[in-house]
Amino acid sequence: MGLPSKLKKLMVYNDGVGYFGETAEVTVPKLARTFEDYKGGGFDGAVGIDLGGEPIEFEWKIGGMLEHAYRQFGATSINAVQLRFVGSYQDDNTGRTKTVDITVRGRHQEIDPGNAKAGDDTEQTVKTRCAYYKLMVDGETLIEKDELNMVFVVNGVDLMAQHRANLGI
Numbered sequence: 075m076g077l078p079s080k081l082k083k084l085m086v087y088n089d090g091v092g093y094f095g096e097t098a099e100v101t102v103p104k105l106a107r108t109f110e111d112y113k114g115g116g117f118d119g120a121v122g123i124d125l126g127g128e129p130i131e132f133e134w135k136i137g138g139m140l141e142h143a144y145r146q147f148g149a150t151s152i153n154a155v156q157l158r159f160v161g162s163y164q165d166d167n168t169g170r171t172k173t174v175d176i177t178v179r180g181r182h183q184e185i186d187p188g189n190a191k192a193g194d195d196t197e198q199t200v201k202t203r204c205a206y207y208k209l210m211v212d213g214e215t216l217i218e219k220d221e222l223n224m225v226f227v228v229n230g231v232d233l234m235a236q237h238r239a240n241l242g243i
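For the sequence shown, the numbering used here assigns the number 75 to the initial residue and increments by one for each residue that follows.
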């Protein structure tokens, strides 16, 4: 019998500042590629031509008032803010845990302060548009995307290396 690993604990860091006990929820960045349909002569159906990645967004919710994110809002540098999500996942069948570590750099696109009512729980949502993304599981890098430096590593292979060489970069 197998059981899926479940997220048991999580932590968010904003430029090294940890939000232990304050992080309510994280929307882990979706990875997506833009495909264009192409149906060449003799093809029975269209195939998808990969035209590159879609924007990466990191959305996170935090309880209370988060002044730090407001101070970062409007940053002029495209990679001004570094965020890090660390999750501890556990397989209840074996008891084994694993660390999922996602680091992004970008700038805040949106800060939603939510509803404010005295005596009620308050929660702010921050959406950060990313120029850099790195996914590690138990210390092993699975994916790294650095848009500004034309780097796209999947499972140890830089898929942009030959393109950079072709362009003389």
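Every residue gets a Cβ at the ideal spot worked out from N, C-alpha and C, and that includes glycine.
### Query
Could you check where the alpha helix (DSSP H) with Arg158 kicks off and where it finishes?
Under the DSSP assignment, Arg158 falls outside any alpha helix (DSSP H), being part of the beta strand (DSSP E) whose first and last residues are Val155 to Asp165.
### Task
Use the C-beta contact count for Tyr255: other C-beta atoms within 10 angstroms, 16 or more gives buried, fewer gives exposed.
This structure cannot settle anything about residue 255, because the visible part of the chain is limited to 75 through 243.
### Message
Buried or exposed for Glu221, going by 16 or more other Cβ atoms inside 10 Å?
### Response
It is buried - the Cβ of Glu221 has at least 16 other Cβ atoms within 10 Å.
### Query
Cβ of Ile136 within 8 Å of Cβ of Thr97?
Contact flag set, yes.
### Message
Val178 and Asp89 - do their beta-carbons sit closer together than 8 Å?
### Response
Contact: no.
### Query
Near Met224, what residues of its chain come up, given a Cβ to Cβ distance below 6 Å and the 5 sequence neighbours on each side ignored?
Within the same chain, Met224 has close Cβ partners Met234 and Arg238.
### Query
By DSSP, does Tyr93 sit in helix, in strand, or in coil?
The answer is coil: DSSP assigns Tyr93 none of H, G, I, E or B.
### Buried or exposed (CB count within 10 angstroms, at least 16 for buried), Pro78
Pro78 comes out exposed.
### Query
Helix, strand or coil: which one does DSSP assign to Ala149?
Reduced to three states, the DSSP call for Ala149 is coil.
#### Entry: C-alpha distance - Gly114 paired with Asp124, whole-angstrom precision
Each residue's CA atom was taken as its position, placing Gly114 and Asp124 some 15 Å apart.
### Task
Whole angstroms is fine: what's the gap from Ile176's alpha carbon to Asn229's?
Taking the Cα positions, Ile176 is about 15 Å away from Asn229.
### Task
Measure the alpha-carbon distance for Val102 versus Asp194 and round it to whole angstroms.
About 26 Å.
### Query
Looking only at C-alpha atoms, which of Glu218, Arg181, Asp166 and Val121 sits nearest to Arg145?
From the listed residues Glu218, Arg181, Asp166 and Val121, the smallest Cα separation to Arg145 is found for Arg181.
### Task
Starting from Arg170, trace the beta strand (DSSP E) both ways and give me its first and last residue.
Counting along the chain, Arg170 falls outside any beta strand (DSSP E), and DSSP gives it neither H nor E.
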